[in-house]
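Visitor: Chains A and B, in that order, give the protein sequences.
Residue numbers for the first sequence follow my numbering, so the first one is 35 and each next one is one higher.
Residue numbers for the second sequence follow my numbering, so the first one is 35 and each next one is one higher.
For glycine and all other residues, C-beta sits at the position ideal for the given N, C-alpha and C.
2 protein chains.
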Amino acid sequence: MPHTYEYPRAALTVDCVVFGFDGGELQVLLIRRGLEPFRDRWALPGGFVRVEETLEEAARRELEEETGLKEVFLEQLYTFGSVKRDPRERVVSVAWFALVKPSAVTAATDAAEAKWFPVSDLPPLAFDHADILATALTRLRGKLTYQPIGFELLPQKFTLTQLQRLYEAVLGEPLDKRNFRKKALSYDLLIPLKEKHQEGPHRPAQLFRFDPVKYERLKKKGFLFEI
Amino acid sequence: MPHTYEYPRAALTVDCVVFGFDGGELQVLLIRRGLEPFRDRWALPGGFVRVEETLEEAARRELEEETGLKEVFLEQLYTFGSVKRDPRERVVSVAWFALVKPSAVTAATDAAEAKWFPVSDLPPLAFDHADILATALTRLRGKLTYQPIGFELLPQKFTLTQLQRLYEAVLGEPLDKRNFRKKALSYDLLIPLKEKHQEGPHRPAQLFRFDPVKYERLKKKGFLFEI
DNA sequence: CTATTAAAGTGTAAATCACACACGAAGGCA
DNA sequence: TGCCTTCGTGTGTGATTTACACTTTAATAG
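1) Name the chain A residues that come within less than 7 Å of Ser-116/B, Cβ to Cβ?
2) Can you find a C-beta in chain A that's less than 8 Å from the C-beta of Val-125/B?
3) Just the Cα atoms here: how many angstroms apart are Cys-50/B and Thr-169/A?
4) Please report whether the beta-carbon of Val-85/A lies at a distance below 8 Å from any beta-carbon of chain B.
5) Going by C-alpha to C-alpha distance, which of Ala-239/B, Val-153/B, Ile-166/B, Tyr-221/B sits closest to Tyr-282/B?
6) Which one or two residues does DSSP pair with Glu-109/A in a beta bridge?
7) Any beta-carbon of chain B closer than 8 Å to the one on Pro-36/A?
8) Per DSSP, Gln-61/B forms a beta bridge with which residues?
9) So, are the CB atoms of Phe-72/A and Leu-187/A less than 8 Å apart?
10) What three-state label does DSSP hand Gly-176/B in the structure shown?
11) Would you say Val-128/A touches the ligand NAD, meaning its beta carbon is less than 7 Å from a heavy atom?
12) Can you confirm whether Tyr-221/B, when its beta carbon is compared against all beta carbons of chain A, has any partner nearer than 8 Å?
13) Note down, in chain order, each residue of its chain lying with its Cβ closer than 7 Å to the Cβ of Gln-232/A, except the 5 sequence neighbours on either side.
14) Relative to the C-alpha of Val-106/A, which residue among Arg-95/A, Thr-88/A, Phe-192/A is closest?
15) Can you give me the C-alpha to C-alpha distance between Gln-190/A and Leu-46/B, rounded to a whole angstrom?
16) Count Cβ pairs between the segment 76 to 85 of chain A and the segment 191 to 199 of chain A that sit closer than 8 Å; are there 3 or more?
17) So, do the segment 113 to 133 of chain B and the segment 159 to 167 of chain B have three or more beta carbon pairs nearer to each other than 8 Å?
18) So, Leu-241/A versus Lys-253/A, is the Cβ gap smaller than 8 Å?
19) Helix, strand or coil: how does DSSP classify Ala-44/B here?
20) Would the beta-carbon of Tyr-112/B fall within 8 Å of that of Gln-110/A?
21) In chain B, which residues lie with their C-beta within 8 Å of the C-beta of Thr-113/A?
22) Output yes if chain B places a C-beta closer than 8 Å to the C-beta of Leu-46/A; else output no.
23) Taking only beta-carbon positions, decide if Glu-105/A is within less than 8 Å of chain B.
24) Can you pull the chain B neighbours of Pro-42/A, defined as C-beta to C-beta under 8 Å?
25) In whole angstroms, what separates the C-alpha of Gln-33/B from that of Pro-157/B?
26) Roughly how many angstroms separate the alpha carbons of Val-125/B and Arg-43/B, rounded to a whole number?
27) Going residue by residue through the segment 201 to 249 of chain A, where are the continuous beta strand (DSSP E) segments of at least 3 residues, counting only ones entirely within it?
28) I need the boundaries of the beta strand (DSSP E) containing Thr-38/B, first residue and last residue.
29) In three-state terms, what does DSSP make of Arg-75/B?
30) Tell me whether the beta-carbon of Val-204/B lies closer than 8 Å to the beta-carbon of Arg-173/B.
31) Once DSSP output is grouped into helix, strand and coil, what is the label at Phe-114/B?
32) Helix, strand or coil, according to DSSP, for Asp-165/A in the structure here?
33) In whole angstroms, what separates the C-alpha of Leu-227/B from that of Arg-243/B?
34) Tell me whether Thr-101/B is buried or exposed, calling it buried when 16 or more other Cβ atoms sit within 10 Å of its Cβ.
35) Can you find the residues in the same chain that come closer than 6 Å, C-beta to C-beta, to Ile-183/A, ignoring five residues on each side of it along the sequence?
In structure tokens form, the structure reads like this:
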């Protein structure tokens, strides 16, 4: 069923930069393209926006269709509109970035052609997706220091060391343990659990979860997590 | 000449939130709509993106066509994609925010149906433009504290008091004069001129301009202007 | 030419915050 | 029982931030 307009129109897509954290390095979820152009290249999950859905709905739908991920933290990143970014025709893409917890990470890996890559070792990407990814990384680094979004990448129960590893992985620099813990606890955002995290022949670590009420408040208001 | 596509496509527009500063209050440039829908309502300058121009080109073109403004500071803000934001059909709009100097302000006022409004006293706006404007204001407040973009709103030569008034207008709170000056000068960004600014029966003020090289560097790298 | 007016310009002390840094505690395992 | 590994903690120093009030300057009016 064709649709006709007086003037030519760009096609509108969404693309998602999905970050995950495996305890060591920051990872990005890519899918292998089955179709031309850029067949067999790795690309960001995404696709065309339908005319009856919002941009965010489109991003969530595509994410679920292509990777199985649902109910992730999702935030609009930037809209990419170079004229020749798609060789076929004019395509404008609204890019999003998503943060997912480790439990979701394994689910996503089941998706046929989806795979996690460490940000430090990415394959060549289709279209201008390398630009999009670079933009997303910059944004993630920036955001991490003034919003508590890092927790979106951790499991519900986590240790302070895990939190520190995450900050170190994103920021790309080692942090002082004592100062980090002092600062992390100073926001009164972390609730210590009764449980401990035992792993290996050494003192077990205290587990924490974050206080969802204070978390939401800080996410809106912002803070300054500079270490 | 009609254009036909297999699936329906959203129309793509740009809208610009143009901020100016008159020495007292922060102002926004609006234009009165001549056509339905929302005829005679005030709206953000903007219009349809042509298929052979980038999003930024579209924003600059519309801005010049509708307000006469050229070569302004322009930055992408957010893309608004609610399904019903335009009553006619699906329209997705990439919003931008612009900062202009007072010299440009008067030029813009000449444009037939363009007018400056103080942000504290806005008329009802067309479409979801009130949302867009609110988003832009939040962004401007945020940016001002970590990038030196405030200078985009001042004349080339300005006094420290003018700079302080601007920060106070945007942030909506009074600032301490001595601390403000100390901080503003500490970035080594302001160059004192030989001239003074004389106005009224009192001591004249030192005029400054900013160092364009350091300005660019700081704009990229960011700083932290918290007072 | 003197007094008045109004904004410009300036310094310091106290409090707070950021940073660097090292060692005892806990538990598993051999 | 001793060893290994990671967890968890406090303090002193220097830097930064904050709060705060008076003198300087030039124009204008009398």
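Guide: Quick answer:
1) Position 82 of the second sequence, counting from 1, holds the residue named residue 116/B. Per Cβ cutoff of 7 Å: Thr-88.
2) Taking the first residue of the second sequence as 1, we reach residue 125/B at position 91. By this cut-off, Val-125/B is not an interface position.
3) Within the second sequence, residue 50/B is the residue found at index 16, counting from 1. Within the first sequence, residue 169/A is the residue found at index 135, counting from 1. Roughly 22 Å separates the two Cα atoms.
4) Along the first sequence, one-based indexing puts residue 85/A at 51. Answer yes: the Cβ-Cβ gap between Val-85/A and chain B drops below 8 Å somewhere.
5) The question about residue 282/B has no answer here: the residues shown for chain B are numbered 35 through 261.
6) Mapped onto the first sequence, residue 109/A falls at position 75. BP columns for Glu-109/A point to Phe-131/A.
7) Reading the first sequence from its first residue, position 2 is the one you call residue 36/A. Yes - at least one Cβ of chain B is within 8 Å of the one on Pro-36/A.
8) Taking the first residue of the second sequence as 1, we reach residue 61/B at position 27. Paired residues: Gly-54/B, Pro-152/B.
9) Within the first sequence, the letter at position 38 stands for residue 72/A. Within the first sequence, the letter at position 153 stands for residue 187/A. No.
10) Start at 1 with the first residue of the second sequence, and residue 176/B comes out as number 142. Looking at Gly-176/B - three-state DSSP - the assignment turns out to be helix.
11) Ligands in the displayed structure: none, and consequently the ligand NAD is not present.
12) Along the second sequence, read from residue 1 onward, the residue named residue 221/B stands at position 187. No, because no Cβ of chain A sits closer than 8 Å to the Cβ of Tyr-221/B.
13) In the first sequence, residue 232/A corresponds to position 198, counting from 1. Correct list, in chain order: Pro-238.
14) Translated into the one-based positions of the first sequence, residue 106/A becomes position 72. The option with the nearest alpha carbon to Val-106/A is Arg-95/A.
15) Within the first sequence, the letter at position 156 stands for residue 190/A. Within the second sequence, the letter at position 12 stands for residue 46/B. The alpha-carbon atoms of Gln-190/A and Leu-46/B are separated by roughly 40 Å.
16) no
17) yes
18) Counting from 1 along the first sequence, the entry for residue 241/A is found at position 207. Counting from 1 along the first sequence, the entry for residue 253/A is found at position 219. The answer is no: Cβ separation not under 8 Å.
19) Start at 1 with the first residue of the second sequence, and residue 44/B comes out as number 10. Ala-44/B: coil per DSSP, three-state reduction.
20) Here the question's residue 112/B lines up with position 78 in the second sequence. Here the question's residue 110/A lines up with position 76 in the first sequence. Result yes, Cβ atoms of Tyr-112/B and Gln-110/A sit closer than 8 Å.
21) Walking along the first sequence from the start, residue 113/A turns up at place 79. Under the 8 Å cutoff, chain B gives Leu-89, Gln-110, Thr-113, Val-128.
22) Taking the first sequence and counting its residues from 1, one reaches residue 46/A at position 12. Leu-46/A counts as touching chain B.
23) As a first step, residue 105/A is located in the first sequence; it is residue number 71 there, counting from the start. No, its Cβ sits nowhere closer than 8 Å to a Cβ of chain B.
24) The count along the first sequence starts at 1 and reaches residue 42/A at position 8. Going along chain B in sequence order, the residues near Pro-42/A (Cβ under 8 Å) are His-37, Val-85.
25) This structure leaves residue 33/B out entirely; chain B is present only between 35 and 261.
26) For this step, residue 125/B is matched to residue 91 along the second sequence. For this step, residue 43/B is matched to residue 9 along the second sequence. The alpha-carbon atoms of Val-125/B and Arg-43/B are separated by roughly 9 Å.
27) 224 to 231, 239 to 244
28) The count along the second sequence starts at 1 and reaches residue 38/B at position 4. Taken as a continuous stretch (DSSP letters only), the beta strand (DSSP E) holding Thr-38/B covers 37 to 39.
29) Walking along the second sequence from the start, residue 75/B turns up at place 41. Coil.
30) Sequence index remark: in the second sequence, residue 204/B carries index 170 (1-based). Sequence index remark: in the second sequence, residue 173/B carries index 139 (1-based). The answer is no: Cβ separation not under 8 Å.
31) Numbered from its first residue, the second sequence carries residue 114/B at position 80. The answer is strand: DSSP assigns Phe-114/B an E or B state.
32) As a working note, residue 165/A is residue 131 in the first sequence. Helix, per DSSP.
33) If you number the second sequence from 1, residue 227/B lands on position 193. If you number the second sequence from 1, residue 243/B lands on position 209. So the two alpha carbons sit approximately 7 Å from each other.
34) Taking the first residue of the second sequence as 1, we reach residue 101/B at position 67. Under this definition Thr-101/B is a buried residue.
35) Within the first sequence, the letter at position 149 stands for residue 183/A. Hits under 6 Å: Lys-177.
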